[in-house]
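Trainee:
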Amino acid sequence: MAEHPDTPDFAPLDSLLHEERVFRPLPETLAAALVSPARLRQAREQAEADPLAFWEEAAEELDWFGRWDQVLDDASPPFYRWFPGGRCNIVYNALDRHIQTAAKNRLALIWEGEPGDCRTLTYYELFRHVNRFANALKSLGVRKGDRVVLYMPSLPETVIAMLAVAKIGAVHSLVFAGYSAKALKDRIDDARAVCVITVDGFYRNGRVLQLKQVLDDALLLGGHAPETVVVCHRAHVDVEMQDGRDYWYEELVRAERPQCPCEVMDSNDMLFVLYTSGATGKPKGIVHTHGGYMVGVSRTFRWVFDINPTDIYWCTADLGWITGHSYAVYGPLMAGATTVLYEGHPLYPQADRLWSTIARYGVTILYTVPTLIRMLMRFGKELPRKHDLSTLRLLGSVGEPLNPEAWVWLHKHIGRQQCPLLDTWWQTETGMIMVSPLPASLLKPGSVTRPLPGIVADVVDAAGAPVPPDKGGLLVIKTPWPAMLAGIYNDPDRYVEEYWSVIPGAYLTGDVARKDEDGYLWMQGRADDVLVIAGHRIGAAELESGLVSHKAVAEAAVVGVPDAIRGEVAKAFVILAEGYEPASALIKELKAHLKRELGPVAVLGAMEFPASLPKTRSGKIVRRILKARERGEEVGDVTGVEE
Ligand code: ATP
Ligand code: MG
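So, in structure tokens, the structure goes:
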């Protein structure tokens, strides 16, 4: 074992959270699962014995224009190249190939606007829309390799634009429609976009957000100027159109032919640039490419979500996040599945919008985020009961640790204790789900279970040595995987430094986790958010889960604040559940509860009850802001954070 450098930051963590509950899959789930426990075991063995053959088999499930020379070129790590020499286009797999099969007339998209309007598109209809717009983009002069920024909410046109851009070999970069003019400008500049696609306005929380106006403001800030701007009608509000630069989407596509071949791409040609949410610092422009990304996303989508032709699949993530890219658009479309998109606020006009939407379309698979689940828990179990949720057969979660309490609530009140609940761990950088159960797995609430076959993840200390079971450490990925990032746009040095320099030869995720004796992983939060309490190193997520398990607590963020005597103490920021008021008796009760749940080490210092917690636009708690405030330090980059 390598010598342990004395950097307290990377010493193993203690674990306080011990969850004993176990949920076994029902016999009928086991019988129907696409990947049975035996098949999963075999896949693990195969992937371990010959990982390249394992991924090559996955690649063979897709259509290529020309076969790869090699599965993996690892000659210059960490710049790995998957399927070099392979000729392909992800859009061919998401669209064109379905037109020759029974999937042609199947629904590709069910879209619901916030006011309640609904549009559906079959694969054939989507195909024709994409081709028309692809031709229009070519007419505007957009070429292979050009970057196109999409500043759009979740609309059918957003999916059409993503696929049209990729089809002609250009590179899309979605910017979440809630971002400010400044954040948008930064991203247009960084990507040096030749074209920006947006909408006049859209509906969010009962209001119209004038998106074209924000884009105009962004472009007035100076910097890189795109040559063309395309505007889709959505809210039919007045916008200013600049002659020679701005074009209406509907007018552009009217004259275009509904046929357009896919540009033949190399596996390692860029597909998109997507900026991370900025929870831990300045957002990074993560680059993904056609070949490896389509293989990783297609395989994981089919296996994890166990998809079959009768499913109605709904991923609630905005298209502007990686989850929207991989598992609302590319994954489901490559599988020929029906995917639901929703434009607006999840609690509009009432807190049961999610449940009524599931009932309206007969959603069978729901993939969502912990922040929304915790929000909905606050409204109680009566709301979902008013709706027919019996079509649901699978539940998934991603984005933050799903606290055991939230896990059990979702499983019981939404999943009827029958639907497997898949807590999936992955990142913008990984492109695809990395650690997750499959429907036939044995589940432990709060655990993301085990790495998927073909993924070699481990928990290590600063020297890269595995930490003993039940101790926490750095979560690393030890071998390359197909959908891995190709790099950070325009910043190869940052790519090497951030991800590959801390633990030699391994990809650093930036998260901390512990592995239990069954090899199950339990996420403990971000490495930056580890606290030191009385000499014990504790992940923020464990303390937060301990608090959230009290019925008075809807949401909690715990950070370490400096203390003259003890070095550091834990301070909690708590959002109370409906019907609870901050009071000294409650503070006492919560502190006692935490010790009961996690043991005597879990000592809380101060507790505060703010009106809200600072979050990224994707809804994640940004602890570094709370920490900086407590320490009177500069907060750093906040372009990704809600005002
Ligand atoms: P930034 O990198 O700019 O700080 P971000 O990390 O929030 O932003 P994403 O790539 O969207 O951007 O999120 C990935 C992170 O989300 C993971 O590193 C992890 O911290 C968290 N995460 C995702 N899924 C899970 C999960 N199932 N359990 C616990 N944490 C998760
Ligand atoms: Mg990150």
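Numbering (our numbering), first residue to last: 10 to 652.
Built from N, CA and C at the ideal position, the CB exists for glycine as well.
At 4 residues or longer, and completely inside the stretch 382-470: list those alpha helix (DSSP H) runs for me, N to C.
Mentor: Taking only runs of at least 4 residues, the alpha helix (DSSP H) segments lying wholly in the stretch 382-470 are 391-394 and 413-418.
Trainee: Locate the alpha helix (DSSP H) running through residue 63, then write down its first and last residues.
Mentor: It spans 60-69 - the alpha helix (DSSP H) in which residue 63 sits, taken as one unbroken run.
Trainee: Got a list of residues with beta-carbon closer than 6 Å to any non-hydrogen atom of the ligand MG, in chain order?
Mentor: Those residues are 285, 289, 436 and 519, given in chain order.
Trainee: Any idea if residue 107 is buried or exposed, counting beta-carbon neighbours within 10 angstroms, 16 or more meaning buried?
Mentor: The residue in question, residue 107, is buried, as its Cβ has 16 or more Cβ neighbours within 10 Å.
Trainee: By DSSP, does residue 177 sit in helix, in strand, or in coil?
Mentor: Correct three-state label for residue 177: coil.
Trainee: When the Cβ atoms of the stretch 28-46 are set against those of the stretch 489-502, are three or more pairs found closer than 8 Å?
Mentor: Touching, no, given that fewer than three Cβ pairs across the two stretches are closer than 8 Å.
Trainee: Just to confirm before moving on: does the CB-CB distance between residue 215 and residue 178 stay below 8 Å?
Mentor: Cβ distance not < 8 Å, so residue 215 and residue 178 don't count as in contact.
Trainee: Are the Cβ atoms of residue 220 and residue 210 separated by less than 8 Å?
Mentor: It is a contact, given that the beta carbons lie within the stated cut-off.
Trainee: What does residue 182 pair with, by DSSP beta-bridge criteria?
Mentor: Note: residue 182 sits in a beta bridge opposite 158.
Trainee: The ligand ATP and residue 467: does the residue's C-beta get closer than 7 Å to at least one heavy atom of that ligand?
Mentor: Residue 467: no, Cβ never under 7 Å from the ligand ATP.
Trainee: Near residue 118, what residues of its chain come up, given a Cβ to Cβ distance below 7 Å and the 5 sequence neighbours on each side ignored?
Mentor: Excluding sequence neighbours, residue 118 sits near 129, 130, 135, 165, 168, 348 and 350.
Trainee: Measuring alpha carbon to alpha carbon, tell me which of 234, 474 and 563 ends up nearest residue 515.
Mentor: Residue 515 has its Cα closest to that of 474, out of 234, 474 and 563.
Trainee: Would you call the stretch 457-464 and the stretch 48-68 in contact, with 3 or more CB pairs under 8 Å?
Mentor: Contact between the stretch 457-464 and the stretch 48-68 is present, because at least three Cβ pairs lie under 8 Å.
Trainee: Distance check for residue 237 and residue 318, CA to CA, integer angstroms please.
Mentor: The straight-line gap from Cα to Cα measures roughly 40 Å.
Trainee: Based on the DSSP output, what are the partners of residue 534 in its beta bridges?
Mentor: Answer is 521.
Trainee: Could you check the C-alpha separation between residue 649 and residue 447 for me, to the nearest Å?
Mentor: If you take the alpha carbons of residue 649 and residue 447, they lie about 32 Å apart.
Trainee: Using a 10 Å radius around the Cβ and a threshold of 16 neighbouring Cβ atoms, would you call residue 74 buried or exposed?
Mentor: By the 10 Å Cβ count, residue 74 comes out exposed.
Trainee: Are the beta-carbon atoms of residue 22 and residue 547 separated by less than 8 Å?
Mentor: A contact, by the Cβ cut-off of 8 Å.
Trainee: Taking the C-alpha atoms as reference points, what is the distance between residue 603 and residue 561?
Mentor: Approximately 12 Å between the Cα atoms of the pair.
Trainee: Does the CB of residue 247 have a neighbour CB from chain D at under 8 Å?
Mentor: Here there is only one protein chain, and chain D is not present.
Trainee: Should residue 636 go down as buried or exposed, given a rule of 16 or more other Cβ atoms within 10 Å for buried?
Mentor: It counts as buried.
Trainee: Going by alpha carbons, who is nearest to residue 94 out of 388, 363, 477 and 77?
Mentor: It is 77 whose Cα lies nearest to the Cα of residue 94.
Trainee: I'd like to know whether the C-beta atoms of residue 144 and residue 266 end up nearer to each other than 8 Å.
Mentor: Contact: yes.
Trainee: For residue 298, collect the residues of the same chain with a Cβ closer than 7 Å to its Cβ; drop the 5 residues on either side in sequence, then sort them by chain order.
Mentor: Once the five neighbours on either side are set aside, the close Cβ partners of residue 298 are 276, 277, 278, 279, 280 and 495.
Trainee: I need the straight-line Cα distance from residue 481 to residue 311, nearest angstrom please.
Mentor: Each residue's alpha carbon lies about 31 Å from the other.
Trainee: How many Å lie between residue 163 and residue 609 at the Cα?
Mentor: Roughly 47 Å between the two C-alpha positions.
Trainee: Under 8 Å, with one C-beta from each stretch per pair, do the stretch 248-259 and the stretch 282-297 reach the 3-pair mark?
Mentor: Not touching, per the Cβ criterion.
Trainee: DSSP on residue 549, reduced to helix/strand/coil?
Mentor: It is helical.
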